[in-house]
Amino acid sequence: MGSGMGLKCSSDVSDAAFLHAIELSGLGLLSSRAAERFGIISYSRYRDNLLFVLKPDFEKIRSLKANIQSNIVPYAGTLEEASHIGITFLDLNIVKDHRWKSSGFVSFNPY
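Under this note's numbering, the first residue of the sequence shown carries the number 46, and numbering increases by one thereafter.
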């Protein structure tokens with residue numbers, strides 16, 4: 046069973062399935078309980094790209110990674126980047142630089 050690749054609605058069906066199975070039910074990534082348990086400061090998703098901003102608690106980070114890997118069936122994923130300074134997400138460089146030190150805002154520019 047699938048969402049019918051090539052159908053106009055297939056991406057919407059896949060998004061809704063992921064929202065229900067992973068974000069709301071399964072792992073409950075959108076819940077305040079998950080935020081506290083895994084140290085999630087911010088969570089965003091664009092289609093199948095997940096972006097987490099996490100507290101610098103490596104036990105919680107490892108726990109989140111392990112929970113995602115073992116509970117996202119039938120989905121599969123790969124950790125592409127992890128850094129305390131900056132990452133590239135959807136062709137956008139997001140960096141904690143001098144601007145972060147003075148204002149608390151990250152800098153970003155096209156990759």
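All C-beta atoms, glycine included, are put in the ideal place defined by N, C-alpha and C.
Counted as a single uninterrupted DSSP element, the stretch harbouring R92 is not any alpha helix (DSSP H), since DSSP gives it neither H nor E. Close CB contacts of P155 within its chain, under the 7 Å cut and outside five residues either way in sequence, are with D136 and L137 (chain order). The segment 82–90 and the segment 102–119 touch, with three or more beta-carbon pairs separated by less than 8 Å. The bridge partners DSSP lists for S152 are V140. Taking a C-beta distance under 7 Å as the contact criterion, S89 and L99 do not qualify as a contact pair.
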